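Reading through the structure tokens given below for one structure.
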Amino acid sequence: MRKRAAVLCGAAVVVAGTFTAVPADASAPQSAPPASAAGVTWKKCGTADYPTLQCASLKVPLDHANPRGRQITLALSRVPHTAKKYQGPLLVNPGGPGGSGLTFAGFIASGLPKAVAAQYDVIGFDPRGVGASKPALNCKPGFFNPVRPDSVPSTPAIEKANLERAKSFAAACGRKYASVLPYIDTISAVQDMDSIRRALGAKRINYFGYSYGTYLGAVYAKLFPHQVRRLVLDSIVDPTGVWYDDNLGQDYAFNDRHRALMAWIAKYDATYKLGTDPEKIEAKWYAMRAALAKKPAGGKVGASELEDTYIPGGYYNGYWPYLAEAFAAYVNSKNADPLIDAYENFGAVDASGDNGYSIYASVQCRDASWPRDWRQWQKDNWAVYEKAPFMAWSNAWYNAPCAFWPTGSLKPVNIANGKLPPALLFQATNDAATPYEGGVTVHRLLAGSSLVVEEGGGNHGITLSGNTCLDKYLATYLTDGKVPRGGGEADAVCTALPDPKPLTAKAASTSSRGAALHRLLGARS
1 MRKRAAVLCG AAVVVAGTFT AVPADASAPQ SAPPASAAGV TWKKCGTADY PTLQCASLKV
61 PLDHANPRGR QITLALSRVP HTAKKYQGPL LVNPGGPGGS GLTFAGFIAS GLPKAVAAQY
121 DVIGFDPRGV GASKPALNCK PGFFNPVRPD SVPSTPAIEK ANLERAKSFA AACGRKYASV
181 LPYIDTISAV QDMDSIRRAL GAKRINYFGY SYGTYLGAVY AKLFPHQVRR LVLDSIVDPT
241 GVWYDDNLGQ DYAFNDRHRA LMAWIAKYDA TYKLGTDPEK IEAKWYAMRA ALAKKPAGGK
301 VGASELEDTY IPGGYYNGYW PYLAEAFAAY VNSKNADPLI DAYENFGAVD ASGDNGYSIY
361 ASVQCRDASW PRDWRQWQKD NWAVYEKAPF MAWSNAWYNA PCAFWPTGSL KPVNIANGKL
421 PPALLFQATN DAATPYEGGV TVHRLLAGSS LVVEEGGGNH GITLSGNTCL DKYLATYLTD
481 GKVPRGGGEA DAVCTALPDP KPLTAKAAST SSRGAALHRL LGARS
């Protein structure tokens, strides 16, 4: 996980005609579903952005091994197909774990070419415990309210305060949801997905997932390979590091992206007046952090909240101009207002965020074993911090409830699979949340899959966000099942979009499709 991606000079850029199609039975049109099947009745729930959106609910067993036992409710959404050619349901997931998929269905349907989207019922869903599904978990409302202890445990008192927070969160989840927590995990969510498939009256599903949604999709494909028609995975979780090692690996990648932001600020010294040396600018950022640790801005942005504010810049460079302006205002003008605004826009956690984090922790802590000896966490995270300080301890405390989780753990799923139609994978070389190696690993584990790489890209979630080269491969695959075939590590390479420019009166990068996607992607995974 610590190795950064090298330039893919040996990877072949696909030219016209070098495609492989899925088998005929996997690309054949599907029969249209009934208006109501297995108790799923769709009702209008359109929004201004997505007027054709429909909603429904579905009862599923809390414990799929006991199908007649306690039932829970999944919230579903749909943008129905309109074309004569119907290719079946396309289930979509924005990641997390803990991300809501209801509005996400509208985003995907509107982002695909109209002729492509028209051939699918695009199906969103809130996974068990999330959002409009019931019960929806919220273990400890306000857990991220400011001002929290400094994430870096530089003194025993600071470490104790953070440990008590982690223990209290795990204990609160155990008290409130003792009967539910053993069933909040990836395998249970995958079984829910197959319940959705059956309720829709579909023999097979198409699936499109981002971030953690790539692991969800890969596990579904492993457990239900013959129910998969097409499989798209964007920004791919390394399934061999679930979840402790994956989180350590993220820290190095996020540190690289934070330094990329510093270099970008240096490039625009005429705008931000923070200097032209990225290392000196980085030193100013850490000096700002130290000052906020002593005196939080507006009584709400301390050192930990500053990290919360700047970590989203590692997911999406469209936020860089706003983060740079806030940084410059604080350093150059002693004006904290833009920083407070940036925290409220990018870092603050609301009730839906509390719910998302509760599911994030519940799934990750249950999915796999975590060190229960805190000394192991200390050793590993201080080692990371020495080389990659930006997110090391913030990420450690984000996951620390898993050291005290009240349920036992499952074993990660080996997603290696030779029973699928060709899958289509997308990965950016400099993705921080799901580093590049995860895409290469899953490409190797899914026989017959094709990997499309965004060379030089650092954003997390890369399709349907403005890169027409990537989107062309996606549209081709969803239209007729054809995947690119190259001769190297990647089957096709697309050049990343340029980094943003500083804000002007006309620029509004948070109104782009990329920004819309990143508002919908789930909590950090």
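Note that the sequence shown covers residues 1 to 525 in the working numbering.
Ideal Cβ positions, reconstructed from N, Cα and C, are used throughout, including at glycine.
The structure displayed is predicted, hence computed values, not measured ones.
Query                                                                                                             : Result
Through-space distance from D367 to S409, alpha-carbon basis                                                      : 6 Å
Whole runs of the beta strand (DSSP E) within the segment 361-435, excluding any shorter than 3 residues          : 424-428
Selection from Y310, A56 and E325 that minimises the alpha carbon distance to F529                                : Within the shown structure, residues of the chain are numbered from 1 to 525, placing residue 529 beyond reach of any answer.
Which listed residue (E454, G488, A492 and N417) has its alpha carbon closest to that of P498                     : E454
Beta-carbon proximity check, P225 vs P412, cutoff 8 Å                                                             : no
At least 3 beta-carbon pairs within less than 8 Å: the segment 207-225 vs the segment 282-289                     : no
Three-state class that DSSP yields for K334 in the structure shown                                                : coil
Three-state secondary structure assigned by DSSP to V237                                                          : coil
Three CB pairs or more closer than 8 Å across the segment 201-215 and the segment 53-62                           : no
Cα-Cα separation between A263 and I184, rounded to whole angstroms                                                : 41 Å
Anticipated Cβ contact below 8 Å, R372 with A403, distance rounded                                                : 6 Å
K482, buried or exposed, once every other Cβ within 10 Å from all chains shown has been counted against 16        : buried
Local conformation of V242 per DSSP, three classes                                                                : coil
Proximity below 8 Å, CB of V452 to CB of L424                                                                     : yes
4-residue-minimum alpha helix (DSSP H) runs that sit fully inside the segment 433-474, ordered along the chain    : 436-445
N255 to P484 span [Cα, whole Å]                                                                                   : 33 Å
Rounded straight-line distance, which links the Cα of L520 to that of Y210                                        : 10 Å
Proximal residues to T82 (C-beta, below 6 Å), its chain only, five neighbours per side dropped                    : A118
Exposure of R68, with buried meaning 16 or more beta-carbon neighbours within 10 Å                                : exposed
Close beta carbons around G418, own chain, < 6 Å, minus the five adjacent residues each side                      : A447
Minimum length 3: unbroken beta strand (DSSP E) runs contained in the segment 60-114                              : 71-79 and 89-93
Best match in E307, Q427 and A416 for proximity to N395 [C-alpha to C-alpha]                                      : E307
Environment of D350 [buried if 16+ CB atoms lie within 10 Å]                                                      : exposed
A166 and W370 closer than 8 Å at C-beta                                                                           : no
Where P484 falls: helix, strand or coil (DSSP)                                                                    : strand
Pair within 8 Å by beta-carbon distance, V40 and T186                                                             : no
Nonlocal neighbours in the same chain, by C-beta distance under 8 Å from L546, ignoring five residues either side : No statement about residue 546 is possible, as the shown extent of the chain runs from 1 to 525 and does not include it.
S358 versus V92 - alpha carbon distance                                                                           : 21 Å
Three-state secondary structure assigned by DSSP to I281                                                          : helix
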